[in-house]
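Order-wise, the sequence lines are chains A and B.
Heads up: the first sequence runs through residues 1 to 494, numbered per my numbering.
Heads up: the second sequence runs through residues 1 to 494, numbered per my numbering.
Cβ atoms here follow ideal geometry from the backbone N, Cα and C, with glycine treated the same way.
What you are looking at is a predicted structure, and each value in this text was computed from that prediction instead of being measured.
First the structure, in the form of structure tokens, and then the observations on it.
Protein chains: 2
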Amino acid sequence: MKKQIPFIVLSDKHTAMPLYRQVYNSIRTSILQGELAAKTRLPPTRVLADQLGVSRITVVNAYEQLFAEGYLEGKIGAGTFVASKLPDDLLQTSKPKNIEKRQSSPLNLSPFGEKLLMGDLESTRVQFETKFQPFQNGLTAIDEFPFGIWSRIAAKFYKNPPRSMLGYGDPQGFYKLREAVAAHLKSARGVNCTAEQVIITSGAQQALDLTARIFLSEKDTFLIEEPCYREAWNSFSATGAKDFSVAVDKEGFNLANAPRTDEKAKLVYVTPSHQYPLGHTMTLARRLELIEWARKQNAWIIEDDYNSEYRYAGRPLASLQGLDSAGRVIYIGTFSKTIFPALRIGCLVVPPDLVDVFTVARAFNDAHSSVVNQAILAEFISEGHFARHVRRMRRLYEERQEILVREVKNKLADFIEIEKSEAGMHLIGWLRHDLNEEKIAAEASKKNIKLSAVSSYYSGKPPRKGFIFGYTAFDELQIKEAIAKLAEILRRID
Amino acid sequence: MKKQIPFIVLSDKHTAMPLYRQVYNSIRTSILQGELAAKTRLPPTRVLADQLGVSRITVVNAYEQLFAEGYLEGKIGAGTFVASKLPDDLLQTSKPKNIEKRQSSPLNLSPFGEKLLMGDLESTRVQFETKFQPFQNGLTAIDEFPFGIWSRIAAKFYKNPPRSMLGYGDPQGFYKLREAVAAHLKSARGVNCTAEQVIITSGAQQALDLTARIFLSEKDTFLIEEPCYREAWNSFSATGAKDFSVAVDKEGFNLANAPRTDEKAKLVYVTPSHQYPLGHTMTLARRLELIEWARKQNAWIIEDDYNSEYRYAGRPLASLQGLDSAGRVIYIGTFSKTIFPALRIGCLVVPPDLVDVFTVARAFNDAHSSVVNQAILAEFISEGHFARHVRRMRRLYEERQEILVREVKNKLADFIEIEKSEAGMHLIGWLRHDLNEEKIAAEASKKNIKLSAVSSYYSGKPPRKGFIFGYTAFDELQIKEAIAKLAEILRRID
Chain A
1 MKKQIPFIVL SDKHTAMPLY RQVYNSIRTS ILQGELAAKT RLPPTRVLAD
51 QLGVSRITVV NAYEQLFAEG YLEGKIGAGT FVASKLPDDL LQTSKPKNIE
101 KRQSSPLNLS PFGEKLLMGD LESTRVQFET KFQPFQNGLT AIDEFPFGIW
151 SRIAAKFYKN PPRSMLGYGD PQGFYKLREA VAAHLKSARG VNCTAEQVII
201 TSGAQQALDL TARIFLSEKD TFLIEEPCYR EAWNSFSATG AKDFSVAVDK
251 EGFNLANAPR TDEKAKLVYV TPSHQYPLGH TMTLARRLEL IEWARKQNAW
301 IIEDDYNSEY RYAGRPLASL QGLDSAGRVI YIGTFSKTIF PALRIGCLVV
351 PPDLVDVFTV ARAFNDAHSS VVNQAILAEF ISEGHFARHV RRMRRLYEER
401 QEILVREVKN KLADFIEIEK SEAGMHLIGW LRHDLNEEKI AAEASKKNIK
451 LSAVSSYYSG KPPRKGFIFG YTAFDELQIK EAIAKLAEIL RRID
Chain B
1 MKKQIPFIVL SDKHTAMPLY RQVYNSIRTS ILQGELAAKT RLPPTRVLAD
51 QLGVSRITVV NAYEQLFAEG YLEGKIGAGT FVASKLPDDL LQTSKPKNIE
101 KRQSSPLNLS PFGEKLLMGD LESTRVQFET KFQPFQNGLT AIDEFPFGIW
151 SRIAAKFYKN PPRSMLGYGD PQGFYKLREA VAAHLKSARG VNCTAEQVII
201 TSGAQQALDL TARIFLSEKD TFLIEEPCYR EAWNSFSATG AKDFSVAVDK
251 EGFNLANAPR TDEKAKLVYV TPSHQYPLGH TMTLARRLEL IEWARKQNAW
301 IIEDDYNSEY RYAGRPLASL QGLDSAGRVI YIGTFSKTIF PALRIGCLVV
351 PPDLVDVFTV ARAFNDAHSS VVNQAILAEF ISEGHFARHV RRMRRLYEER
401 QEILVREVKN KLADFIEIEK SEAGMHLIGW LRHDLNEEKI AAEASKKNIK
451 LSAVSSYYSG KPPRKGFIFG YTAFDELQIK EAIAKLAEIL RRID
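What follows is the structure in structure tokens.
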């Protein structure tokens with residue numbers, strides 16, 4: 001008898017793949033690669049079983065699967081053939097397991113896809129894990145988080161999970177969380193809103209992306225702070241809209257610095273409570289001026305209130321949103337800086353007549369956020385744990401800021417100028433001399449120190465060189481050691 | 001003395017708002033509403049405190065806050081004045097708390113935003129909570145989910161949460177979950193992939209949205225099954241791309257039914273393992289034909305493998321992706337049908353040269369999915385609980401399907417034709433007579449029965465009327481009662 005299926009190689013028994021599957025795979029591959037032509041007769045199951053040293057049922061199962069998928073024809077027992085219907089030309093050229101290397105043919109993406117692929121947009125957020133290296137910015141003191149309480153709330157939820165919360169949920173967000181967020185934003189931030197205006201997002205990043213998609217297209221222009229939060233610039237630019245960078249000064253965003261052509265700008269992005277990354281607070285006069293401008297322009301103001309919880313002196317300024325009587329402000333908040341980033345919960349507060357479009361956009365994007373996480377956070381806030389944790393962290397972060405300033409002044413005074421700040425999670429250490437930022441950052445990186453150059457936040461030439469020093473996630477010892485290493489590095493650099 | 005601040009009304013003591021904040025709010029509102037003009041002198045703190053019957057420190061705190069925010073000028077003790085810098089015209093027109101009703105001025109949205117607002121896209125996914133009414137489709141038997149095991153894994157995670165997993169994570173997804181997903185898809189679905197090609201998404205919805213954004217713009221066209229999954233149509237249409245609906249038959253998607261003009265179609269959306277909603281399996285010949293077409297066209301095939309875990313007879317067919325040697329298939333999977341929808345975890349498997357663009361798009365969209373949920377799911381799968389749960393549900397759902405068929409045949413045979421199916425989570429009950437679908441659905445809804453008309457899945461006129469009967473989330477009693485009620489309703493309808 002002709003050895004019809006000479007190519008079946010069964011793996012040794014340690015493989016997880018069932019024997020019938022191995023037989024199935026071998027035959028299927030041979031058919032697809034044209035080694036077994038259409039109408040070829042296969043050996044009876046008993047014969048093949050003997051040949052392979054497996055039980056007959058194994059081969060029967062493999063054949064049945066191949067019948068079901070249309071690779072075989074006939075009836076088991078009455079002659080089994082490779083299907084005649086398979087178009088031969090397709091089979092000859094198919095090479096499963098190895099995908100052909102794409103030739104010069106373009107990937108054929110959308111303009112958005114092309115932008116992403118070409119790296120026109122800097123994706124600073126693409127990272128694989130957080131190494132918590134000093135002085136990475138925007139991280140929390142994760143070891144201080146009350147995971148015990150959080151876990152207890154989670155366990156309580158899972159003990160008797162309400163059915164209605166485990167199907168598909170409200171794209172606008174779990175209502176109890178929206179209530180808790182509205183109450184918090186009203187009292188802590190002077191945000192003028194009800195739970196009906198709050199939209200829970202998967203972090204501030206999704207809030208930015210939704211906002212960009214809802215307002216901007218390639219015909220539009222937007223204004224953004226110079227320097228600025230790069231992820232915001234990315235989100236708005238990804239729509240194809242044209243950007244205008246507007247230099248900030250000590251009073252924050254300054255419309256007077258906007259180019260004349262901005263008169264048609266549709267959207268402006270600001271960080272009024274703590275300019276990112278310089279740290280200035282936008283003055284009241286500037287705030288009112290901006291709102292009036294937006295009202296006249298029919299433009300939108302995006303207020304990113306990313307870390308307003310951390311103010312160490314004075315009281316937090318009320319939000320810009322709270323001043324807005326024209327319904328022009330979209331407020332963005334995040335729990336990444338208070339709970340932890342991996343949770344992926346943030347929020348939007350939008351004028352009442354924009355709630356629908358944001359909610360539908362969210363539904364289109366990804367339905368809604370994990371309801372379990374939303375429910376845990378709602379309880380964490382309403383039981384008072386959130387406020388308590390933020391208060392504790394505020395004290396801790398203030399202390400850590402003091403340690404950082406002291407260490408820099410003691411050990412790096414010749415190289416770096418640093419000043420205390422009333423708020424925030426980072427300071428800027430300005431270089432006293434015209435040193436090479438990239439070289440310093442590269443040397444620091446070798447010592448597991450992460451320094452971001454201030455220049456990377458500018459679209460143009462920055463007025464001065466310096467680095468961002470995030471301090472919130474690092475204890476006294478870590479700060480001391482890292483500053484000592486940095487002093488060594490700077491002494492060696494010229 | 002002139003009663004300079006006659007408008008301060010302190011709430012009774014049951015309010016949560018601190019007294020100083022009430023004083024602050026009153027003064028601030030008066031300034032913004034122009035009741036207190038620029039340069040107006042405020043009473044000394046002691047005088048106002050007496051007048052209001054509060055302690056002096058309360059008023060000092062309020063004044064300090066107003067100083068900090070730029071509403072007041074001067075020095076406490078040396079005369080306190082409303083700031084002179086505030087532009088008067090702004091102040092007069094501001095009416096905090098009540099946002100002006102927008103006049104005729106347009107909201108000024110992007111084309112995407114306008115589409116969403118105008119309801120051009122049906123947002124069938126917008127719902128506030130899942131009521132688990134028979135015969136809602138796509139829901140799981142949530143009461144059968146092993147929450148005890150899930151909760152134990154969660155507690156274990158929180159007991160000693162790895163720091164590096166609580167900062168910002170990998171936009172492509174938690175690596176261990178990607179490994180577990182790749183292993184599962186390889187063995188259960190014949191998907192040809194490594195963990196490097198898997199991208200974890202926030203449900204299948206995000207996979208659809210990312211795919212639409214990466215490939216389509218208003219210049220493109222796409223092919224979609226007729227009838228089809230409406231959310232997929234929504235996602236692709238939201239980009240402004242033109243759609244062509246291609247009628248399916250018993251062999252699934254049929255390119256021969258595509259209009260001639262489709263020759264430039266850039267993308268095709270199919271549900272090969274279980275056509276949604278008709279339930280057909282796409283034959284091998286059709287699969288190979290489609291892949292060859294995509295190769296020649298340089299087009300993309302989106303394979304939505306939404307519920308392939310539930311096959312009750314025969315074995316699951318291998319995925320279309322597993323046949324693709326041209327790297328043209330984007331595979332979409334979901335855990336909404338196996339774990340529960342509220343978890344919001346799904347996945348994409350993309351050809352190697354598309355991994356980067358999808359990962360960056362995900363980073364731009366919302367950074368990544370909740371890492372805790374991903375870690376719990378990874379452990380749930382790798383400990384074998386996932387496979388066990390799916391096996392249990394397969395038996396249960398098969399039983400429930402049988403109950404549904406039996407009840408319909410016993411009590412609704414005059415009105416509805418229904419046949420067993422080898423797979424899926426729903427059946428279609430075809431109406432024997434030309435009854436009014438909407439009227440029946442409306443009557444059913446009054447009895448807490450949810451019926452979706454088959455016609456709602458068609459862009460054109462459906463060949464026949466009927467309803468979707470989801471059966472997986474309902475036990476014998478619920479199915480019996482609902483069918484009995486439906487029999488009553490149908491007997492009364494003409």
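Range covered by the beta strand (DSSP E) that runs through A/H426: H426 to L431
Chain A within 8 Å of B/G279, Cβ atoms only: no
C-alpha gap between A/A423 and A/T221, whole angstroms: 31 Å
Distance between beta carbons of A/V454 and A/K465, contact taken as under 8 Å: Right, the Cβ-Cβ distance comes to about 7 Å (below 8 Å), so this counts as a contact.
Option in B/A482, B/Q206 and B/I376 with minimal Cα separation from A/F364: B/Q206
Closer than 8 Å at the beta carbon, the chain A residues around B/L107: D353, L354 and V357
Selection from A/R28, A/L32, A/L19 and A/K156 that minimises the alpha carbon distance to A/A49: A/L19
Cβ neighbour criterion (16 or more within 10 Å) applied to B/P162: exposed
B/H385: contacting residues in chain A (beta-carbon distance under 9 Å): Per Cβ cutoff of 9 Å: no residues; B/H385 is ~14 Å from chain A at best.
Where the alpha helix (DSSP H) through B/I489 begins and ends: Element bounds for B/I489: E476 to R492.
Counted within 10 angstroms of its Cβ, other Cβ atoms place A/N160 as buried (16 or more) or exposed: Looking at its Cβ environment, which holds fewer than 16 other Cβ atoms inside 10 Å, A/N160 is exposed.
Where B/E69 meets chain A, residues with beta-carbon distance less than 8 Å: L284, L317 and A318
Distance between beta carbons of B/F340 and B/I142, contact taken as under 8 Å: 6 Å
Short CB-CB distance (under 8 Å) between B/D243 and chain A: no
Beta-carbon neighbours of A/V371, restricted to chain B and to distances below 7 Å: A342
Cβ neighbours of B/K450 in the same chain (closer than 6 Å, five flanking residues each side left out): Excluding sequence neighbours, B/K450 sits near Q133 and Q136.
C-beta neighbour in chain B for A/L396, strict 8 Å: no
Inter-residue CB distance, B/A154 and A/A154 (contact presumed, cutoff 8 Å): 5 Å
contact_flag[the region 472-491 of chain A, the region 406-422 of chain A] where n(CB pairs < 8 Å) is 3 or more: yes
Among A/D304, A/H184 and A/R260, nearest to A/L208 - alpha-carbon criterion: Ranking the options by Cα distance to A/L208, first place goes to A/D304.
Interface residues of chain A facing B/W150 [CB-CB closer than 7 Å]: Y158
For B/I31, the first and last residue of its enclosing alpha helix (DSSP H): L19 to L32
As assigned by DSSP and simplified to three states, the class of A/I339: coil
A/I493 at chain B interface by Cβ criterion, 8 Å: Interface with chain B (8 Å Cβ-Cβ cutoff): A/I493 is excluded.
Inter-residue Cα distance where the pair is B/P277 and A/E64: Going by C-alpha positions, B/P277 is about 26 Å away from A/E64.
A/E251 and A/H280 closer than 8 Å at C-beta: A contact, by the Cβ cut-off of 8 Å.
Interface partners of A/K266 on chain B, CB under 8 Å: N108
Residues that B/F215 contacts on chain A, provided the C-beta gap is smaller than 8 Å: N108, L109, S110 and G113
Cβ contact check for the region 228-239 of chain A and the region 386-401 of chain A: 3 or more pairs under 8 Å: no
Below-8 Å beta-carbon distance, B/L117 vs any chain A residue: yes
A/I468 and A/S452 closer than 8 Å at C-beta: yes
Assigned secondary structure, B/S308 (DSSP; H/G/I helix, E/B strand, else coil): coil
Status (buried if at least 16 other CB within 10 Å, exposed otherwise) for B/M118: exposed
9 Å Cβ cut-off: residues of chain B touching A/K85: T283, L284 and A285
Assigned secondary structure, B/V54 (DSSP; H/G/I helix, E/B strand, else coil): coil
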